[in-house]
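First comes the structure, then the notes that go with it.
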Amino acid sequence: MHKTTLCLGLLAPLAQAAALDKRSSLDECLLAAAVPVNARNSTSWAQDALPFNDRLHYVPVAIAVPTMLEHIQAAVSCAAQVGIKATPKGGGHSYASSGLGGEDGHLVIELDRMHNVALDTTTNIATIQAGARLGHVATELFKQGRRAISHGTCPGVGISGHALHGGFGMSSHKYGLAVDWMVGATVVLANATVVHTSATEHPDLFWALRGAGSNFGVAASYEFDTFEAPAEVTYFSMPFRWNLTTGFANLAKVEAYARDLMPADLNMRLFSSGFSSQLEGLFYGDIAGLQAALAPLLNTTTPPLKIMQAVNTTWMEAFTHYANAPTDPTHPYAQQETFYSKSLELKDLSGDVGKSFINYWFNSTSKNTRSWWFQLDIHGGKHSAVTNGDHALSSYAHRDKLFLVQLYDRTYFGAYPKDGFPFLDKWVDATTAPLAKEDWGMYINYADSNLDRATAQRVYYGANLSRLQSLKAQYDPKEIFYYPTSIAPAAE
Ligand code: ABL
């Protein structure tokens, strides 16, 4: 006991001195390589160190602010030389603050000065720099040629984290995940070499990047194929009172519709909070088309569902509708929320799984005075482009899942309480209790900050994990791109 105390007493200042040594070696290396950095205590440092999740602040050892590929390459090389973890930060929206390293002491490579979007109107391929945010991507693709890719609803989310780990949104039922539109990437690897990767160049790496990208390198830019932005779309909402008595039967109706009948042109989710619930979504067509698409569902529930709002509008107006924020953000950026979030990727919500979900919803949420909500997205199904995409082309592991659930527990004022976590933990535990481990997963883009590393790897990457671990051993054996839930290299 005594001895331990004594050792720690001696080690602490030594460790501190070593850390300071590393810090100055890193500073010197970055300076010698002319990599732009944020001065400590500067406004830029404060802005770039700001996490989207205000619950999870981490202190980088340095923040590099590259404006070109060579800066990224030099930054990775310096981190490797000094023995510091390097972490690319795109939009900074990771729910676990993974863009800051998910812990103190990383070299953060802040990419958001590199946000150029250039559409080639002959090939319809867009070259997008790694620090562009989704709203900027959407705005520019539309402006430059009325084109689009599939992606999520939040404009401030960065294209990199989003597309490198899936990228689900209000266009996914029809157009698939953001990753499905990625056709190439220029990447700085852990050994500081630069490769261009695509289906034909380093195809294994390309597979790994498309679903687990943060583990394999720092992308500087991507090529994305695009589709023609639809001339008209219709956003809609169907408020509905869910309760314990009818909840399970109604969920079964939604599930039956989602599985076989819901057309590709429809994207829909159940949004629910402590105050209200609605089925809402986006339809690729007009109001009459929406009514026809929903007809097989409306009268099956108790009471029948009714379309209360249906607005026929343009592609960009619909993006604005679901955006919750300014639609074309670039640097500087400061959006924050204080929350804990979890996710579920589920093959279905039938039987005991659905019953547990519904029981928890109505029996265990009423005492929560915070602002909680969930979004239950219809992710798969017979007509879903996510399900029907080529499962072998990307390492996104959950194309077989019908539902993607995001559970979110937020405080508007003050810190998230220490005793708050069980609220969502127990909801997930109850829902998955009847399931075998390999039959459900989680989505890293709704990162759960409390998962241990082994669990995180299993639930995020499922059946693809062992191949990803082998590729990790090949491309980043020393784990330069480590973060607390990153993929561990396969043992030799
Ligand atoms: C998502 O993935 C959702 O699709 C968004 O609707 C969600 O946005 C974000 N993530 C949250 O990180 C939120 C707003 O940011 C919240 O302010 C709002 O309370 C919530 O939607 C519900 O409308």
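Just so we're aligned: the sequence shown equals residues -17 to -1, 1 to 475 in mature numbering (1 follows the signal peptide of the UniProt record, and there is no 0). For every residue, glycine included, the Cβ atom is placed at its ideal position computed from N, Cα and C.
(request) Helix, strand or coil for Pro467, going by three-state DSSP, please let me know. (result) coil
(message) Taking 7 Å as the limit between beta carbons, can you name the residues of its chain near Pro34, skipping five residues before and five after?
(response) These residues qualify, in order along the chain: His40, Gly75, Ser80 and Leu83.
(request) Report yes or no: do three or more beta-carbon pairs, one from the segment 134 to 152 and one from the segment 170 to 186, lie closer than 8 Å? (result) Counting C-beta pairs closer than 8 Å gives fewer than three between the segment 134 to 152 and the segment 170 to 186, which falls short of the contact rule.
(request) Give the DSSP-derived three-state secondary structure of Ala45 in the structure shown. (result) strand
(request) Could you have a look at Tyr399 and say whether DSSP puts it in helix, strand or coil? (result) coil
(request) Would you list, in sequence order, the uninterrupted beta strand (DSSP E) runs of no fewer than 3 residues that lie entirely inside the segment 305 to 383? (result) Segments of the beta strand (DSSP E) lying fully in the segment 305 to 383: 321 to 329 and 354 to 361.
(message) Once the 5 residues before and after Val100 are set aside, which same chain residues still bring their CB inside 7 Å of it?
(response) Ala109, Ile111, Ala115, His119, Val120, Glu123 and Leu124
(message) Quick check on this structure: which residue in Gly194, Ser181 and Asp208 has the alpha carbon closest to the alpha carbon of Trp164?
(response) Asp208
(request) Measure the alpha-carbon distance for Ala1 versus Glu86 and round it to whole angstroms. (result) 18 Å
(request) Would you mind stating whether Ala241 and Gly364 have Cβ atoms separated by less than 7 Å? (result) yes
(request) Tell me, please, whether the CB atom of Ala168 is closer than 7 Å to any CB atom in chain D? (result) The displayed structure is made up of one protein chain only, and chain D is not part of it.
(request) Indicate the three-state DSSP secondary structure (helix, strand or coil) for Ser81 in the structure shown. (result) helix
(message) On the CB-based measure, 16 or more other CB atoms within 10 Å of its CB, does Asn447 come out buried or exposed?
(response) buried
(message) Does the distance between the C-beta of residue 479 and the nearest non-hydrogen atom of the ligand ABL fall short of 6 Å?
(response) Coverage of the chain is limited to positions -17 through 475, which leaves residue 479 absent and any answer about it impossible.
(request) Taking all protein chains shown into account, decide if Tyr379 is buried (16 or more other Cβ within 10 angstroms of its Cβ) or exposed. (result) buried
(request) Below 8 Å CB to CB, which residues in the same chain sit around Leu(-12) once its five sequence neighbours on both sides are set aside? (result) The predicted position of Leu(-12) is uncertain, since its pLDDT is 43 and thus under 50; a value taken from the coordinates is nonetheless stated next. For Leu(-12), where only same-chain residues beyond five positions count, there are no Cβ hits under 8 Å.
(message) I'd like to confirm the pairing. Which residues does DSSP put opposite Ser255 in its beta bridges?
(response) Its beta-bridge partners are Ser260 and Phe357.
(message) Taking the straight line between their C-alpha atoms, what separation do you get for Thr180 and Ala191?
(response) 11 Å
(request) Use the C-beta contact count for Gly424: other C-beta atoms within 10 angstroms, 16 or more gives buried, fewer gives exposed. (result) buried
(message) If contacts are defined as beta-carbon pairs under 8 Å, then Tyr399 and Tyr305 qualify, I think. What distance do you get, rounded to the angstrom?
(response) Not a contact, Cβ separation roughly 25 Å.
(message) Considering only their Cβ atoms, is the gap separating Val177 from His185 smaller than 7 Å?
(response) no
(message) If I measure Cβ to Cβ from Ile55 and keep anything under 7 Å in the same chain, skipping five residues before and after, which residues do I get?
(response) Pro49, Ile92, Val171, Val201 and Ala203
(request) Name, in chain order, the residues that DSSP records as bridge partners for Tyr458. (result) Paired residue(s): none; Tyr458 is not in a bridge.
(request) State the beta-bridge partners of Thr217 as determined by DSSP. (result) Phe266 and Asn295
(request) State yes or no: is the C-beta of Pro467 within less than 7 Å of the C-beta of Lys455? (result) Not a contact, by the Cβ cut-off of 7 Å.
(request) Have a look at Ile222 and Gln261 and give me their C-alpha separation to the nearest angstrom. (result) With the sequence shown as reference, residue 222 is identified as Pro, and Ile is not the correct amino acid for it. Distance between the alpha carbons of Pro222 and Gln261: 4 Å.
(message) Between which two residues does the alpha helix (DSSP H) holding residue 477 run?
(response) Not covered by the structure: residue 477. The range shown for the chain is -17 to 475.
(request) Express the C-alpha separation of Pro287 and Trp197 in angstroms, rounding to a whole number. (result) It is Ser, not Trp, that sits at residue 197 in the sequence shown. Cα to Cα, the separation comes out at about 45 Å.
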